[in-house]
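The opening position of the sequence shown corresponds to residue 1 in UniProt numbering, with each subsequent residue numbered one higher. Glycine included, each C-beta is placed from N, C-alpha and C at the ideal position. Just so you know, these numbers come straight off a predicted model, no measurement behind them.
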Amino acid sequence: MAYKDVYAAWQADPEGFWMQAAEQIDWVEKPTKALFDEKAPIYEWFSDGMVNTCWNAVDRHVLAGRGDQIAIMHESPITHSTKGITYKELQKRVASLAGALRMRGVEKGDRIIIYMPMIPEALEAMLACARIGAIHSVVFGGFAAHELAVRIDDCTPKAIIASSCGLEPNRVVHYKPLLDEAIDIATHKPEFCVIFQREQEVAKLVEGRDFSWHGFQYGVRPAECVAVEGNHPAYILYTSGTTGAPKGVIRATGGHLVALNWTMKNIYNIEAGDRFWAASDVGWVVGHSYICYGPLIAGATTVVFEGKPVGTPHPGVFWRVIQNNRIKSFFTAPTALRAIRREDPNGDWIKRYKLHEMQALFLAGERADPDTVKWAQEHLGVPVIDHWWQTETGWAIAANPLGIELLPTKLGSPSVAMPGYDVQILDEGGHPLKDGELGAIAIKLPLPPGTLPTLWNAEDRFKKSYLSHFPGYYETGDAGYKDEDGYLYIMARTDDVINVAGHRLSTGAMEEVLASHPDVAECAVIGAADELKGQTPIGFLCLNKGCTRDEKAIVRECVALVRDQIGPVAAFKTAVVVDRLPKTRSGKILRGTMVKIADGQDYKMPATIDDPAILDEITAALKSIGYPAA
1 MAYKDVYAAW
11 QADPEGFWMQ
21 AAEQIDWVEK
31 PTKALFDEKA
41 PIYEWFSDGM
51 VNTCWNAVDR
61 HVLAGRGDQI
71 AIMHESPITH
81 STKGITYKEL
91 QKRVASLAGA
101 LRMRGVEKGD
111 RIIIYMPMIP
121 EALEAMLACA
131 RIGAIHSVVF
141 GGFAAHELAV
151 RIDDCTPKAI
161 IASSCGLEPN
171 RVVHYKPLLD
181 EAIDIATHKP
191 EFCVIFQREQ
201 EVAKLVEGRD
211 FSWHGFQYGV
221 RPAECVAVEG
231 NHPAYILYTS
241 GTTGAPKGVI
251 RATGGHLVAL
261 NWTMKNIYNI
271 EAGDRFWAAS
281 DVGWVVGHSY
291 ICYGPLIAGA
301 TTVVFEGKPV
311 GTPHPGVFWR
321 VIQNNRIKSF
331 FTAPTALRAI
341 RREDPNGDWI
351 KRYKLHEMQA
361 LFLAGERADP
371 DTVKWAQEHL
381 GVPVIDHWWQ
391 TETGWAIAAN
401 PLGIELLPTK
411 LGSPSVAMPG
421 YDVQILDEGG
431 HPLKDGELGA
441 IAIKLPLPPG
451 TLPTLWNAED
461 RFKKSYLSHF
471 PGYYETGDAG
481 YKDEDGYLYI
491 MARTDDVINV
501 AGHRLSTGAM
511 EEVLASHPDV
521 AECAVIGAAD
531 ELKGQTPIGF
541 LCLNKGCTRD
551 EKAIVRECVA
561 LVRDQIGPVA
571 AFKTAVVVDR
581 LPKTRSGKIL
591 RGTMVKIADG
601 QDYKMPATID
611 DPAILDEITA
621 ALKSIGYPAA
């Protein structure tokens with residue numbers, strides 16, 4: 001079947017489509033139907049089925065005779081270690097940890113916070129929770145104590161599983177002092193903590209509260225899988241909220257299994273025995289869906305990578321890992337690719353490695369600007385597939401479905417809507433716009449399986465944040481348009497559509513033009529307050545490594561490019577060269593914070609920022625061009 005036939009099959013019979021997809025999952029009790037809409041607009045999927053995630057991700061593959069296949073490959077260019085764990089070993093390790101948790105009183109429905117770096121034990125902790133029906137909440141390793149405390153108070157965990165430390169290229173990040181401080185700050189106190197002691201740092205344990213990973217499991221009886229209802233939360237994952245309080249996105253077990261299993265074959269063309277790598281972190285949604293659960297549910301090998309795209313030790317490390325692990329489909333963020341391109345503009349490092357088995361590169365997390373996509377296409381010689389989704393959805397809203405058919409690529413577009421998503425472009429009043437018109441991107445309810453049914457203990461906030469603006473729709477918070485072929489173009493967050501003298505303009509479109517300049521490795525555009533025009537655009541340019549040209553000349557050329565390609569209406573006159581852009585740890589550029597600095601407003605240090613010192617550099621750069629205006 002072609003993509004259009006698959007999408008049409010879903011449109012014609014959504015219930016039948018998802019019940020058929022559910023046949024690929026091992027159920028303890030099969031669901032009687034797919035969609036439960038009695039509490040609309042709070043929708044549930046496969047609620048009356050009984051199932052276990054860990055069984056589907058681990059045990060069934062051992063039972064199928066693939067116990068000796070590598071399930072998890074750990075690659076750490078920081079410690080120079082490589083380690084493979086088979087499905088049989090994984091089953092044993094996960095059952096042991098789950099048994100130890102159960103022995104300490106952890107039961108179905110209890111919450112456990114996981115605070116770990118990119119090591120296989122992080123995945124084992126997630127799977128051990130799933131095995132006994134506990135609900136895990138992974139917090140990005142190294143998150144500040146205050147932010148960790150906020151999450152402790154929100155999900156009230158019975159226990160916390162942590163590592164003694166995380167490793168960065170030039171430093172050890174001490175997790176245990178952050179954890180101790182967070183527990184001190186938090187009102188809720190966990191009953192106990194399990195600490196995985198790494199060689200690089202042995203943490204001091206608090207007597208009576210803390211247990212070492214291995215000692216905790218000594219002599220326990222392994223746990224069997226506990227069946228849970230299809231609507232039982234598999235996990236809570238916090239995403240930053242506009243009010244400053246994080247939002248606890250819930251992932252329900254049944255829909256999570258069905259949707260992720262469907263995506264592995266249909267989007268990524270990955271089946272049992274294949275090798276898949278998502279270069280992300282378990283603290284983010286990509287790490288949940290496509291480092292831990294998706295590949296393992298499909299019976300593939302997944303890679304856990306503890307390193308950076310550049311500097312551990314060089315910009316060829318991604319290609320080395322792909323070569324050595326014979327990766328079939330690779331998934332990373334555009335920001336990682338831009339960092340590599342900046343260090344290796346001619347792709348010399350790519351030529352050093354044999355990437356024969358790589359069939360495609362998938363990008364998500366930020367808009368994939370056409371110039372970065374073209375660079376990757378040219379040097380890798382495989383399809384470069386941009387796809388678009390969110391923490392809330394858990395899997396792709398729009399993609400090019402490689403496992404169904406490879407559609408023509410359109411630069412700047414994550415291609416077409418996936419089955420389950422009826423994507424509409426709406427004006428402020430909620431009316432559909434014509435092809436090519438920029439508006440708010442919304443998805444007609446119900447959302448498909450695997451997406452968030454609500455927020456943890458915050459149903460009213462869920463409705464207010466996502467459902468109230470456009471009744472009958474989920475508001476994505478992104479702005480964009482559709483072309484005549486149904487291809488989506490995600491141009492900016494709704495907040496990043498700026499109003500210049502009455503014209504609604506996309507900062508993403510301006511960034512696309514700036515990125516096409518041969519000396520520009522990466523860029524960002526924000527809208528600063530302007531008394532006359534409402535807002536005026538400012539560009540930030542990061543130049544290619546080794547560029548020796550006059551910066552003022554490059555700025556002039558960039559201003560001329562935007563004027564030429566978007567027109568004088570953009571009123572783009574100001575740009576500044578910076579060494580780097582402020583980003584979250586997952587690679588998203590913190591444009592909102594940059595706007596506040598430009599407008600002279602107070603701002604809260606973003607919890608997810610990679611390096612707070614960058615904001616001082618941005619402040620200095622803005623001052624050099626007269627912002628904030630006196």
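Point to revise | Span of the alpha helix (DSSP H), counted from its first residue to its last, around K11 | key: Note on residue identity: the sequence assigns Gln, not Lys, to residue 11. Counted as a single uninterrupted DSSP element, the alpha helix (DSSP H) harbouring Q11 occupies residues 3–12.
**Study point:** T507 and A529 closer than 7 Å at C-beta
**Key:** Between T507 and A529, the CB-CB gap reaches or exceeds 7 Å.
Check your understanding: Cα separation between V569 and L178?
Key -> V569 and L178 have their C-alpha atoms spaced approximately 49 Å apart.
Exercise for review: Determine the closest residue to A234 out of G255, E224, P222, K83, with distance taken between C-alpha atoms.
Suggested key: Answer by Cα proximity: G255.
Check your understanding: How is W262 classed by DSSP in three states: helix, strand or coil?
Key -> In the structure shown, W262 adopts helical secondary structure according to DSSP, grouped into three states.
**Study point:** Whole beta strand (DSSP E) elements within the segment 306–357, 3-residue minimum
**Key:** DSSP runs (the beta strand (DSSP E)) wholly in the segment 306–357: 329–332.
Check your understanding: By a C-beta neighbour count over all protein chains shown, 10 Å radius and 16 as the cutoff for buried, is Q601 buried or exposed?
Key -> Counting Cβ neighbours within 10 Å, Q601 comes out exposed, since fewer than 16 surround it.
Check your understanding: To the nearest whole angstrom, what separates the beta carbons of A98 and A223, a pair I think is in contact under 8 Å?
Key -> Between A98 and A223 the beta-carbon gap is near 4 Å, inside 8 Å, which marks them as a contact.
Point to revise | Outcome for R556 when other beta-carbon atoms lying within 10 angstroms are tallied against a minimum of 16 | key: It counts as exposed.
Check your understanding: To which residues of the same chain is D153 closer than 6 Å at the C-beta, ignoring the five residues directly before and after it?
Key -> Contacts found: A186, T187, H188.
Point to revise | Inter-residue CB distance, K33 and E15 (contact presumed, cutoff 8 Å) | key: At roughly 7 Å, the Cβ-Cβ gap stays under 8 Å, so K33 and E15 are in contact.
Review point. At what residues does the beta strand (DSSP E) containing Q200 begin and finish?
Key: Note, Q200: premise wrong, no beta strand (DSSP E); not H, not E.
**Study point:** Local conformation of W277 per DSSP, three classes
**Key:** Note: W277 maps to strand in three-state DSSP.
Practice item. Take every Cβ of the segment 103–123, pair it with every Cβ of the segment 63–81, and state whether three or more of those distances are shorter than 8 Å. Key: Yes: at least three Cβ pairs fall under 8 Å.
Check your understanding: Can the beta-carbon of M358 be found less than 7 Å from the beta-carbon of V382?
Key -> Yes.
Review point. Expressed to the nearest angstrom, what Euclidean distance is found between the alpha-carbon atoms of Q11 and F540?
Key: Rounded to whole angstroms, the separation of the alpha carbons of F540 and Q11 is 43 Å.
Check your understanding: To which residues does DSSP link Q424 through a beta bridge?
Key -> The secondary-structure analysis by DSSP pairs Q424 across a beta bridge with A442.
Exercise for review: Let me know the secondary structure DSSP gives Y87 once reduced to three states.
Suggested key: In the displayed model, Y87 falls within a helix according to three-state DSSP.
Check your understanding: Would you call the CB atoms of A8 and F17 closer than 7 Å?
Key -> With contacts defined by Cβ atoms closer than 7 Å, A8 and F17 do not form a contacting pair.
Exercise for review: Determine the closest residue to S164 out of Q424, G142, E343, W27, with distance taken between C-alpha atoms.
Suggested key: Closest in C-alpha terms to S164, from the list Q424, G142, E343, W27, comes G142.
Point to revise | 7 Å Cβ shell around G403 - same chain, five flanking residues per side excluded | key: Closer than 7 Å at the Cβ level, and outside the excluded window around G403, lie K265, N266, I267, Y268, N269.
Check your understanding: For the 8 Å Cβ check, are there 3 or more pairs between the segment 382–399 and the segment 277–293?
Key -> The segment 382–399, when compared against the segment 277–293, does touch it at the 8 Å Cβ threshold.
**Study point:** Helix, strand or coil at L123 [DSSP, three-state]
**Key:** DSSP places L123 in the helix class (H, G or I) of the three-state scheme.
Review point. Under a Cβ-count criterion, where at least 16 other Cβ atoms within 10 Å of its own Cβ denotes burial, should Q535 be classed as buried or exposed?
Key: Residue burial is scored here from C-beta neighbours: Q535 has at least 16 other C-beta atoms within 10 angstroms and is therefore classed as buried.
**Study point:** Among I597, A134, H80, A442, the one whose alpha carbon lies nearest that of G480
**Key:** Closest option to G480, judged by alpha-carbon separation, among I597, A134, H80, A442: A442.
Practice item. Work out the CA separation of S413 and G49 for me, nearest whole Å. Key: One C-alpha to the other measures close to 37 Å.
Check your understanding: According to the Cβ coordinates, are V576 and A620 closer than 7 Å?
Key -> No, the pair does not count as a contact, with Cβ atoms beyond the cut-off.
Practice item. Classify G105 as buried or exposed, calling it buried when 16 or more other Cβ atoms lie within 10 Å of its own Cβ. Key: Exposed, since its Cβ has fewer than 16 Cβ neighbours within 10 Å.
Exercise for review: Tell me whether A368 is buried or exposed, calling it buried when 16 or more other Cβ atoms sit within 10 Å of its Cβ.
Suggested key: Here A368 is buried: its Cβ has 16 or more other Cβ atoms, across all protein chains shown, within 10 Å.
Check your understanding: Exposed or buried, T253, counting other C-beta atoms within 10 Å across all chains shown (16 or more means buried)?
Key -> Of the other Cβ atoms in all chains shown, 16 or more fall within 10 Å of the Cβ of T253; this residue is therefore buried.
Check your understanding: Straight-line CA distance for N457 to R251?
Key -> Cα to Cα, N457 sits roughly 13 Å from R251.
Check your understanding: Assuming P295 and T302 make a contact with CB atoms under 8 Å, what is their CB distance in whole Å?
Key -> A Cβ-Cβ distance of about 4 Å is found for the pair P295 and T302, placing them in contact under the 8 Å criterion.
Review point. Roughly how many angstroms separate the alpha carbons of E484 and V416, rounded to a whole number?
Key: Within the model, the alpha-carbon separation for E484 versus V416 is close to 11 Å.
Check your understanding: Helix, strand or coil: how does DSSP classify L488 here?
Key -> DSSP places L488 within a strand segment (E or B) once states are collapsed to three.
Practice item. In angstroms with no decimal places, state the Cα-to-Cα distance between K533 and M605. Key: Using only the alpha carbons, I get a separation of about 29 Å.
Point to revise | Spatial distance of A521 from Q217 (CA atoms) | key: The straight-line gap from Cα to Cα measures roughly 49 Å.
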